[in-house]
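Read the structure below first, then the notes.
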Amino acid sequence: MARLKFLCDTDRCIECNACATVCKNEHEVPWGMVRRRVVTIGDGEPGEKSVAISCMHCTDAPCVAVCPVSTLYQTDIGVVLHDKDTCIGCGYCYYACPFGAPQFPKSTLFGSRGTMDKCTYCAGGPEENGSEEEYRKYGSNRIAEGKLPICAEVCSTRALLAGDAEVVGEIFKERVISRGYGSGAWGWKTAYYPEERS
Amino acid sequence: MSVYESEPVRVRGQDFTGYRIAGAIAAVLLIIALAVQVWMLFDGFNRTSPEVRWGVNAEENGGSALASQLLQNRTRLQNERFLTGPSPDGPGETFKIGPEVLLDSVEMDDPESILTESWRIPSDETAAILRQSDRVIGVSSLPYVNANLFERPFARDWRFGLADVATHIGAFAILGFSLMLALLLAIRGRVPIAEGKSGKKVKRFNIVERATHWMTSASFILLALTGISIAYGDTLIRPFGHDVLGAVGWLATWGHALFVTPFVLGLAIMFVMWVSKNIPSKLDIAWLKRGGGFFSDTPDHPSARKFNAGQKLIFWSAILGGGAMIVTGFFLLFPFYFLGLEAMSWMMLLHAVFAVLLIAIFIGHIYIGSVGMQGAFWAMWNGEVDRNWAREHHDLWLDEVEGRASK
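Sequences listed follow chains A and B, in order.
If you use the UniProt record's numbering, the first sequence closes out at 198, no skipped numbers anywhere.
If you use the UniProt record's numbering, the second sequence closes out at 407, no skipped numbers anywhere.
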């Protein structure tokens, strides 16, 4: 079975924020929340790097492990999804997330936290695939249509790659061969190979 | 000497047969629960495994090779543009897939961890491209809290702390301590009023003291139950259904925020009301050295004023432990208003660990105040204790009360 991952090639990312923008538009992500962001490291200094980050859909996902109401679950292609109907807004997934992916709308009585929202890898939620209810809660389900996340598919420099890990790895390795090593696959070790020593 | 004390009626702890049988039954049940807990501890760390399967018509045909093929082909389109087109000579519009649903997903009957295990090991080629795991925080042009965060590997340790360490500590503390008390009840029986009931009552707690105690204890128990259903719902409630767990989770969340008000109020009043009588003294050392006379069936207990060393320990557990719960809980109620992400993470971990330890301690308090000791319960229920009970457990306090009464 394919194992879907994200890979942001920091040697190509130009911080255009198209991925963050198209994601908000595609899924009608509410105000105050953002499923994908671009972080710039060493801004304005030599060797500045930008990297787009969202939920990485981790191996042995920590958020799924700490969720007290089993809102979060993983599918056999590696995608981590959530069920907005059972979420209690406790925020444990946020503390357990190595990438700060879960988002919470400020909509409760105390103005603190509503039910969690995060990147779905454009794969919807537990509702029927492609249904209107699913779109309302989780945004569009591109995986069900055989497509990959829109953030990667619109990336103008093809810095952000999404899809089967083997194919993504091959594409990345071809680049490494022609341009040199670069700075490697950011976040992959934390996300996908947490117990690997190096 | 009064007439009531002429001929002491000897009561031994082991005479409470009914209580001892109940204690034995509880002990057996707790041993089973603890055995399950030990098994869970050695069964390995908490791991996430896929629970849902994708496929083309996944319900009917189990094979998901077609879905894999579809997604892999789509992934290839992200290769260099000269390889994927669009170009006049290229194959053209292959990347266009219509908006109709091609893939669907079904829940797996038997979630398999084998996928997780295979995902965890990188191939040599993949291992070569990995960048070191590192804490990375940059800047972001997006105006959101923590938007500048790229990576914090500590989150994985946090998950281990909550899902494995705190959970196991709590289960062992609560079940283990309960088992100890059940065995104590089964073997030793209750702590008796050695001279038997005198029939004469002494006022011990007034209505304000009792009302405060019960308000605090009721809110503590409700906080504990809602907390336990959040912390252990995956084990205790999930077998009854995913939706039930979600519904209970919501009630528990709101209840947890609701019951904190009477708890804070009760704790504050208790502190003001009882702190002067709970200052540690030399008497407490003697009391602790003799274990409070817990195992003796003679009326000769170590001396104590209104509160003995055991009760002082409970008082300070409530004030300090409860206080720590309130402080950490307050920060959790207002995420990121006062503290950043790392500090919030620690607040959550501390809240969980303090909570399970406090619950274990107060199971001991509930035990000794109810089935564990004959005559103790009435002190808090109607405020009056038997004079012989008072003389055995709080002799100096009794002298004080009677001395004052005779003035």
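Ideal Cβ positions, reconstructed from N, Cα and C, are used throughout, including at glycine.
The structure displayed is predicted, hence computed values, not measured ones.
{"Item": "Helix, strand or coil at residue 199 (chain A) [DSSP, three-state]", "Value": "Only positions 1 to 198 of chain A appear in the structure, and residue 199 (chain A) is not among them; the question remains open."}
{"Item": "Chain A contacts made by the segment 149–170 of chain B, where a contact means CB separation under 7 Å", "Value": "Leu149, Phe150, Glu151, Arg152, Pro153, Ala155, Arg156, Trp158, Arg159, Leu162, Ala163"}
{"Item": "With 16 other Cβ atoms within 10 Å as the buried cut-off, status of Gly227 (chain B)", "Value": "buried"}
{"Item": "Option in B:Gly323, B:Leu149, B:Asp164, B:Leu320 with minimal Cα separation from Ser54 (chain A)", "Value": "B:Leu149"}
{"Item": "Reference Thr75 (chain A), options B:Leu66, B:Phe45, B:Thr116, closest by Cα", "Value": "B:Thr116"}
{"Item": "Nearest-angstrom Cβ-Cβ length linking Asn146 (chain B) and Gly100 (chain A), presumed shorter than 8 Å", "Value": "5 Å"}
{"Item": "Residue-chain proximity (Glu93 (chain B), chain A), Cβ-Cβ < 9 Å", "Value": "Residue placement at Glu93 (chain B) is flagged as unreliable, the pLDDT there being 49, under the threshold of 50; the coordinate-derived value follows with that caveat. No - not a single Cβ of chain A is within 9 Å of the one on Glu93 (chain B)."}
{"Item": "Of the listed residues B:Asn388, B:Gly372, B:Val401, B:Asp395, nearest to Thr17 (chain B) (C-alpha basis)", "Value": "B:Gly372"}
{"Item": "Amino acids of chain B, ordered along the chain, whose beta-carbon sits closer than 7 Å to that of Ala2 (chain A)", "Value": "Ser68, Leu71, Gln72"}
{"Item": "Contact under 9 Å by Cβ, Gly23 (chain B) with Ala194 (chain B)", "Value": "no"}
{"Item": "Per-residue contacts from Thr190 (chain A) into chain B (C-beta, under 9 Å)", "Value": "Ser133, Asp134, Glu151, Arg152, Pro153, Ala155, Arg156"}
{"Item": "9 Å Cβ cutoff met for Met56 (chain A) and Thr190 (chain A)", "Value": "yes"}
{"Item": "Chain B contact residues for Thr59 (chain A), given Cβ-Cβ distances below 7 Å", "Value": "Thr116, Trp119, Arg120"}
{"Item": "Sufficient close CB pairs (3 or more, under 8 Å) joining the segment 252–260 of chain B to the segment 217–232 of chain B", "Value": "yes"}
{"Item": "Against chain A: residues of the segment 372–386 of chain B by CB proximity under 9 Å", "Value": "none"}
{"Item": "Whole-Å CB distance - Leu398 (chain B) paired with Val202 (chain B), under 8 Å assumed", "Value": "7 Å"}
{"Item": "Candidates B:Arg387, B:Ile25, B:Ala376: closest to Leu184 (chain B) by CA position", "Value": "B:Ile25"}
{"Item": "Per-residue burial, Asn25 (chain A) [other beta carbons within 10 Å of its own, 16 or more giving buried]", "Value": "exposed"}
{"Item": "Beta bridge counterpart(s) of Met373 (chain B) as assigned by DSSP", "Value": "B:Val191"}
{"Item": "Cα-Cα separation between Pro122 (chain B) and Pro194 (chain A), rounded to whole angstroms", "Value": "10 Å"}
{"Item": "Residue burial classification, Trp381 (chain B) (beta-carbon count within 10 angstroms, cutoff 16)", "Value": "exposed"}
{"Item": "CB contact below 9 Å: Val66 (chain A) versus chain B", "Value": "yes"}
{"Item": "Pairwise C-alpha distance: Glu209 (chain B) and Leu332 (chain B)", "Value": "30 Å"}
{"Item": "Exposure of Ile314 (chain B), with buried meaning 16 or more beta-carbon neighbours within 10 Å", "Value": "buried"}
{"Item": "Close Cβ partners of Ile77 (chain A) (< 7 Å) along its chain, the five nearest in sequence each way excluded", "Value": "Met1, Ala2, Arg3, Leu4"}
{"Item": "Nonlocal neighbours in the same chain, by C-beta distance under 7 Å from Glu93 (chain B), ignoring five residues either side", "Value": "Annotation note: pLDDT 49 at Glu93 (chain B) (below 50); position unreliable, coordinate value reported separately. Counting only Cβ-Cβ distances below 7 Å, and skipping sequence neighbours, we find nothing."}
{"Item": "Residues within the segment 329–356 of chain B neighbouring chain A, beta-carbon criterion of under 7 Å", "Value": "Leu333, Phe334, Pro335, Met344, Ser345, Met348"}
{"Item": "Cβ of Thr48 (chain B) within 9 Å of any chain A Cβ", "Value": "yes"}
{"Item": "Length-filtered (3 minimum) beta strand (DSSP E) runs lying within the segment 117–177 of chain B", "Value": "149–151"}
{"Item": "Residues that DSSP places opposite Leu161 (chain A) in a beta bridge", "Value": "A:Leu7"}
{"Item": "Near-chain A residues of the segment 244–264 of chain B (beta-carbon distance less than 7 Å), N- to C-terminal order", "Value": "Leu245, Gly246, Gly249, Trp250, Thr253"}
{"Item": "Cut-off 6 Å between Cβ atoms - residues of its own chain near Trp158 (chain B), not counting five sequence neighbours on either side", "Value": "Ser345"}
{"Item": "Collapsed DSSP secondary structure at His82 (chain A) in the structure displayed", "Value": "strand"}
{"Item": "Limits of the alpha helix (DSSP H) - the one that Gln69 (chain B) falls within", "Value": "65–76"}
{"Item": "Those residues which DSSP pairs with Val385 (chain B) across a bridge", "Value": "B:Val202"}
{"Item": "The segment 307–327 of chain B: positions lying closer than 9 Å to chain A by Cβ", "Value": "none"}
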